[in-house]
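*Asks:*
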Amino acid sequence: MKNILILGATSAIAQETAKLFAAEGANFFLVARHPDRLAAVAQDLKVRGAAKVETQAIDLNRLEQHATLLQSATKALGSFDLVLMAHGTLPDQHACEQDVAKTMEAIQTNTLGPISLLTHIANLFESQQHGCLAVISSVAGDRGRQSNYVYGMAKGGLSIFLQGLRNRLHRSGIQVLTIKPGFVDTPMTQHLPKNALFASPQQVAQGIYRAIVKGKDIVYVPSYWRWITWVVKSIPEGIFKRLSL
Ligand SMILES: NC(=O)c1ccc[n+]([C@@H]2O[C@H](COP(=O)([O-])OP(=O)(O)OC[C@H]3O[C@@H](n4cnc5c(N)ncnc54)[C@H](OP(=O)(O)O)[C@@H]3O)[C@@H](O)[C@H]2O)c1
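Right under this line is the structure:
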């Protein structure tokens, strides 16, 4: 993977994944909202072997700016072999239940923004007939639960969109990878009590890297989440609705 666009490049998981590609001398175009944080990530990747690193600060909720952003990225690096989409937020479920604006904002960041970007990028990749779209969804999208169904719906919708995109782009030789992490110890989850199921961003990055290189369609990271979600999904709805999950 020589030319890599990372959306949400300051994410802890994205940074650890980028380090693995930097060691191979990749070129990067990094996107997130804060220029200072982006500059720090860029500097780190250069030290680790990246050949070229460009950055752009933008709020990815601004859908009308997506086309211009992708034009700038294409101009900077020529074309892309890999797009890693990592931006996202974990909304407060109770706050969303009291304030529909918070629910809509969570859906804008985790579903609508990604869908807009993916639509542009899919057309770009289709015209060049190669590329890998690696998108971080979540195990939370596999079944709606009372404790986080706004986030779960947002990621579940994204996963379904990716499934359709994979089916469309397969004939053009494009990989669409849906990444489903479980709990990861990052700034996003710093307010949550930690338990044995939490993985490190480094561990998750290794799983993402391997799935990209091997051309996988869906990856659970760590892999034991495949079995946890299998159990959660197999509980009949009549029982599931009575559980405190
Ligand atoms: N941590 C977990 O347990 C976990 C589990 C499953 C899935 N995930 C998913 O993994 C991905 C990475 O999360 P993380 O855990 O690495 O969290 P993180 O370190 O908090 O990173 C979140 C990233 O999203 C970016 N972002 C948020 N809103 C944005 C916006 N409107 N425009 C541009 N960038 C925006 C942030 O950039 P700036 O703030 O610098 O702009 C930051 O780079 C997310 O999609 C998350 O939903 C995480």
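In terms of our numbering, the sequence shown opens at residue 27 and continues consecutively.
In this text, a Cβ means the ideal position worked out from N, Cα and C, and glycines have one as well.
Being a predicted model, the structure only gives us computed values, none of them experimental.
With a threshold of 16 other CB atoms inside 10 Å of the CB of M130, please say whether the residue is buried or exposed.
*Replies:* exposed
*Asks:* Which stretch, first to last residue, makes up the beta strand (DSSP E) that contains T135?
*Replies:* Taken as a continuous stretch (DSSP letters only), T135 belongs to no beta strand (DSSP E), as it is neither H nor E.
*Asks:* Looking only at C-alpha atoms, which of N87, D107, G51 sits nearest to Q154?
*Replies:* D107
*Asks:* May I ask you to report which of helix, strand or coil DSSP gives L89?
*Replies:* helix
*Asks:* Taking C-beta to C-beta, are A83 and R59 nearer than 7 angstroms?
*Replies:* yes
*Asks:* Tell me the rounded alpha-carbon separation between P248 and F55.
*Replies:* 27 angstroms
*Asks:* So, with DSSP's three-state summary, where would you put K206?
*Replies:* strand
*Asks:* Name the residue from A48, E42, T36 whose alpha carbon lies nearest to the alpha carbon of D62.
*Replies:* T36
*Asks:* Quick one, which of K240, G190, Y175 has its alpha-carbon nearest L271's?
*Replies:* Of the candidates K240, G190, Y175, the one whose C-alpha sits nearest the C-alpha of L271 is Y175.
*Asks:* Please determine whether the Cβ atom of I39 lies at a distance below 6 angstroms from any heavy atom of ligand 1.
*Replies:* Between ligand 1 and the CB of I39, the shortest heavy atom gap is smaller than 6 angstroms.
*Asks:* Taking Cβ positions, are M111 and V57 nearer each other than 7 angstroms?
*Replies:* Contact: no.
*Asks:* Given 8 angstroms as the limit, is there contact between the stretch 65-77 and the stretch 37-52, that is, 3 or more CB pairs closer than that?
*Replies:* Put simply, the stretch 65-77 touches the stretch 37-52. At least three CB pairs are less than 8 angstroms apart.
*Asks:* For the 8 angstroms Cβ check, are there 3 or more pairs between the stretch 232-245 and the stretch 191-211?
*Replies:* yes
*Asks:* Can you tell which of L143, A102, R252 has the C-alpha that lies nearest to the C-alpha of L223?
*Replies:* R252
*Asks:* Since P207 contacts V257 with CB under 8 angstroms, what's their CB separation in whole angstroms?
*Replies:* Actually they are not in contact, since the Cβ atoms of P207 and V257 sit about 18 angstroms apart, beyond 8 angstroms.
*Asks:* Rounded to whole angstroms, what is the Cα-Cα separation between N221 and F209?
*Replies:* The alpha-carbon separation between N221 and F209 amounts to approximately 9 angstroms.
*Asks:* Could you have a look at L271 and say whether DSSP puts it in helix, strand or coil?
*Replies:* Reduced to three states, the DSSP call for L271 is coil.
*Asks:* Indicate, with yes or no, if ligand 1 has a heavy atom lying under 6 angstroms from the CB of N174.
*Replies:* no
*Asks:* M111 lies in the beta strand (DSSP E); which residues open and close that run?
*Replies:* 108-111
*Asks:* Just list the residues that DSSP pairs I244 with in beta bridges.
*Replies:* Bridge partners of I244: T204.
*Asks:* Give the secondary structure of F224 by DSSP, where H, G and I count as helix, E and B as strand, and everything else as coil.
*Replies:* coil
*Asks:* Helix, strand or coil: which one does DSSP assign to Q172?
*Replies:* coil
*Asks:* Below 6 angstroms, is the gap between the Cβ of D85 and the nearest heavy atom of ligand 1?
*Replies:* yes
*Asks:* Answer yes or no: the CB of T204 versus the heavy atoms of ligand 1, is any distance below 6 angstroms?
*Replies:* no
*Asks:* Give the secondary structure of G157 by DSSP, where H, G and I count as helix, E and B as strand, and everything else as coil.
*Replies:* strand
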